[in-house]
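Novice: Counting from 1 along the sequence shown, just add 4 to a position and that's the residue number in the working numbering.
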Amino acid sequence: MATLLRGALRPLRAFPGSGRLAADVPLRATSHGAGILYPEHIPTSPLQKALLAAGSAVMALYDPYRHDMVAVLGETTGRRTLKFLRDQMKRDPEGAQILRERPRISTSTLDLGKLRSLPEGSFGCEYLRFLDVNRVSPDTRAPTRFVDDEELAYVIQRYREVHDMAHTLLGMPINIPGEIVVKWFEAVQTGLPMCILSALFGPIRLSARSLQVLVSELVPWAVQNGRRAPCLLNLYYERRWEQPLGALRQELGITEPPVRVEGLV
5 MATLLRGALR
15 PLRAFPGSGR
25 LAADVPLRAT
35 SHGAGILYPE
45 HIPTSPLQKA
55 LLAAGSAVMA
65 LYDPYRHDMV
75 AVLGETTGRR
85 TLKFLRDQMK
95 RDPEGAQILR
105 ERPRISTSTL
115 DLGKLRSLPE
125 GSFGCEYLRF
135 LDVNRVSPDT
145 RAPTRFVDDE
155 ELAYVIQRYR
165 EVHDMAHTLL
175 GMPINIPGEI
185 VVKWFEAVQT
195 GLPMCILSAL
205 FGPIRLSARS
215 LQVLVSELVP
225 WAVQNGRRAP
235 CLLNLYYERR
245 WEQPLGALRQ
255 ELGITEPPVR
265 VEGLV
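#1: Using DSSP's beta-bridge definition, name the partner residues of proline 147.
#2: Which residues mark the beginning and the end of the alpha helix (DSSP H) in which glycine 78 is found?
#3: Going by DSSP, which residues form a beta bridge with serine 211?
#4: Jot down the residue ranges of each uninterrupted beta strand (DSSP E) in the region 219-262, minimum 3 residues, whole runs only, in chain order.
#5: Which whole-angstrom value describes the C-beta separation of valine 186 and tyrosine 241, a residue pair presumed to lie in contact below a C-beta threshold of 8 angstroms?
#6: What three-state label does DSSP hand serine 141 in the structure shown?
#7: Below 8 angstroms, can you find three or more Cβ-Cβ pairs linking the region 92-104 to the region 222-240?
#8: Going by beta carbon distance, what residues of the same chain come within less than 6 angstroms of cysteine 129, once the five residues before and after it are set aside?
#9: Could you check whether the Cβ of proline 181 sits closer than 6 angstroms to any heavy atom belonging to the ligand ZN?
#10: Once DSSP output is grouped into helix, strand and coil, what is the label at serine 126?
#11: Evaluate contact between the region 107-116 and the region 210-217, counting only Cβ atoms and requiring at least three cross-stretch pairs below 8 angstroms.
#12: Given proline 142, which residues of its chain have a CB within under 8 angstroms of its CB, disregarding the five upstream and five downstream residues?
#13: Measuring only the C-alpha atoms, how far is threonine 81 from aspartate 153?
#14: Can you give me the C-alpha to C-alpha distance between glutamate 155 and leucine 201, rounded to a whole angstrom?
#15: With distances taken from CA atoms, which of Ala170, Leu173, Val76, Asn138 is nearest alanine 157?
#16: Rounded to whole angstroms, what is the Cα-Cα separation between arginine 264 and leucine 174?
#17: Does glycine 117 pass the burial test, meaning 16 or more other C-beta atoms within 10 Å, or should it be called exposed?
#18: Could you tell me if glutamine 216 is buried or exposed, where buried requires 16 or more neighbouring beta carbons within 10 angstroms of its beta carbon?
#19: For arginine 271, name the three-state secondary structure that DSSP assigns.
#20: Does aspartate 153 come out as helix, strand or coil in the three-state DSSP assignment?
#21: Would you check if the distance between the CB atom of proline 248 and the CB atom of glycine 59 is smaller than 7 angstroms?
#22: Quick check: what's the CA-CA separation for proline 224 versus isoleucine 40?
#23: So, helix, strand or coil for methionine 198, using DSSP?
#24: Using the three-state DSSP reduction, which class does valine 265 fall into: helix, strand or coil?
#25: According to the neighbour-count rule (16 or more other Cβ atoms, all chains shown, within 10 Å of its Cβ), is threonine 144 buried or exposed?
#26: Of the choices Thr172, Arg162, Pro234, whose alpha-carbon is the least far from that of valine 192?
#27: What are the start and end residues of the alpha helix (DSSP H) that includes threonine 172?
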């Protein structure tokens with residue numbers, strides 16, 4: 005199968021990329037030639053998509069934390085779900101504005117100085133604290149490559165770029181239990197296959213004690229909050245920085261987690 009996969013995907017080598025999409029450039033339809041719809045787009049045939057989906061699924065099942073493989077799986081299997089999410093955004097005033105304006109989240113688009121000047125407890129301050137404490141950057145999100153529709157490509161790119169916002173809203177750190185909880189929340193909210201896969205197979209590395217806490221308390225909490233909260237893709241986060249985090253959680257119907265996650269492994 006590996007030989008077949010390499011043969012089918014050999015034409016993709018003709019489309020070299022920088023490895024990361026410039027996060028200050030909106031994803032919009034452009035004329036790049038060779039069927040390329042947006043920066044970093046790699047046109048693929050149905051067969052190539054099927055092989056990419058199969059290969060990335062195997063790798064993601066083997067290692068649910070191969071985020072590159074999970075990303076490819078999402079792009080090659082989630083078209084129907086992305087259409088549903090896009091239509092959902094169009095029906096929401098805030099979501100429709102996001103689709104029109106195509107904001108991007110990166111260190112080049114965020115005013116980090118302003119975020120640092122915000123009062124304690126504000127959403128912007130807590131988001132920046134999350135980045136600092138967990139030593140992560142908004143620049144690490146994989147670029148969209150295999151979605152053959154520039155609007156849907158933006159939807160999945162936006163989903164990736166607001167992932168850390170979901171962590172902040174849910175109060176979840178970047179560790180295995182924290183990621184699993186966020187994936188359960190996102191799976192309920194979006195229905196994306198890659199979220200469901202990560203939610204189901206992510207716990208395989210947890211200890212028995214952590215797994216028991218996850219299944220009995222944290223997953224039910226994440227599912228309940230995911231069902232109750234409006235779709236987080238419809239939230240224009242860049243205009244909510246000054247809002248108190250507690251008030252934003254109350255607006256969205258997100259409650260405090262039942263247990264602390266930091267000590268679970």
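From the three backbone atoms N, C-alpha and C, an ideal C-beta is built for every residue, glycine too. All values derive from a computational prediction rather than experimental measurement.
Specialist: Quick answer:
#1: If you number the sequence shown from 1, residue 147 lands on position 143. Answer by DSSP bridge pairing: none, since proline 147 is not bridged.
#2: Position 74 of the sequence shown holds residue 78. First-last of the alpha helix (DSSP H) with glycine 78: 71-81.
#3: Position 207 of the sequence shown, counted from the first residue, corresponds to residue 211. In the DSSP output, where bridge partners are listed per residue, serine 211 has none listed.
#4: none
#5: For the purposes of this step, residue 186 is taken as the residue at position 182 of the sequence shown. For the purposes of this step, residue 241 is taken as the residue at position 237 of the sequence shown. About 15 angstroms separates the two Cβ atoms, so there is no contact after all.
#6: As a working note, residue 141 is residue 137 in the sequence shown. Note: serine 141 maps to coil in three-state DSSP.
#7: yes
#8: Stepping through the sequence shown from its first residue, residue 129 is reached at position 125. Correct list, in chain order: Leu122.
#9: Summarising the ligand content, the structure contains no ligands, and the ligand ZN is consequently not present.
#10: Here residue 126 corresponds to residue number 122 of the sequence shown, with the count starting at 1. Of the three classes helix, strand and coil, the one that applies to serine 126 here is strand, per DSSP.
#11: Counting Cβ pairs under 8 angstroms, fewer than three are found: no touch.
#12: By one-based count along the sequence shown, residue 142 stands at place 138. Cβ within range, chain order: Ala27, Ile109, Ser110, Thr111, Leu114, Leu135, Glu165, Asp168.
#13: Reading the sequence shown from its first residue, position 77 is the one you call residue 81. Reading the sequence shown from its first residue, position 149 is the one you call residue 153. In a straight line, the C-alpha of threonine 81 is about 14 angstroms away from that of aspartate 153.
#14: Position 151 of the sequence shown, counted from the first residue, corresponds to residue 155. Position 197 of the sequence shown, counted from the first residue, corresponds to residue 201. Spanning the two alpha carbons is a distance of roughly 24 angstroms.
#15: Walking along the sequence shown from the start, residue 157 turns up at place 153. Of the residues Ala170, Leu173, Val76, Asn138, the one whose Cα lies closest to the Cα of alanine 157 is Val76.
#16: The sequence position of residue 264 within the sequence shown is 260, counting from 1. The sequence position of residue 174 within the sequence shown is 170, counting from 1. One Cα belongs to arginine 264, the other to leucine 174, and the distance between them is close to 11 angstroms.
#17: The count along the sequence shown starts at 1 and reaches residue 117 at position 113. Classification of glycine 117: exposed, given that the 10 Å Cβ count is below 16.
#18: Here residue 216 corresponds to residue number 212 of the sequence shown, with the count starting at 1. Classification for glutamine 216: exposed.
#19: Since the first residue of the chain shown is 5 and the last is 269, residue 271 is not available in this structure.
#20: As a first step, residue 153 must be located in the sequence shown, where it is residue number 149. Here aspartate 153 sits in coil by DSSP.
#21: What you label residue 248 is simply residue 244 of the sequence shown in a count that begins at 1. What you label residue 59 is simply residue 55 of the sequence shown in a count that begins at 1. No; because the gap between Cβ atoms is not below 7 angstroms, this pair is not in contact.
#22: Counting from one through the sequence shown, the residue named residue 224 turns up at place 220. Counting from one through the sequence shown, the residue named residue 40 turns up at place 36. The straight-line gap from Cα to Cα measures roughly 42 angstroms.
#23: Position 194 of the sequence shown, counted from the start, is the residue given in the question as residue 198. It is helical.
#24: Sequence index remark: in the sequence shown, residue 265 carries index 261 (1-based). Of the three classes helix, strand and coil, the one that applies to valine 265 here is coil, per DSSP.
#25: Here residue 144 corresponds to residue number 140 of the sequence shown, with the count starting at 1. So threonine 144 counts as exposed.
#26: On the sequence shown, position 188 is the one that residue 192 refers to. Of the candidates Thr172, Arg162, Pro234, the one whose C-alpha sits nearest the C-alpha of valine 192 is Pro234.
#27: Numbered from its first residue, the sequence shown carries residue 172 at position 168. Segment 167-174, the alpha helix (DSSP H) holding threonine 172.
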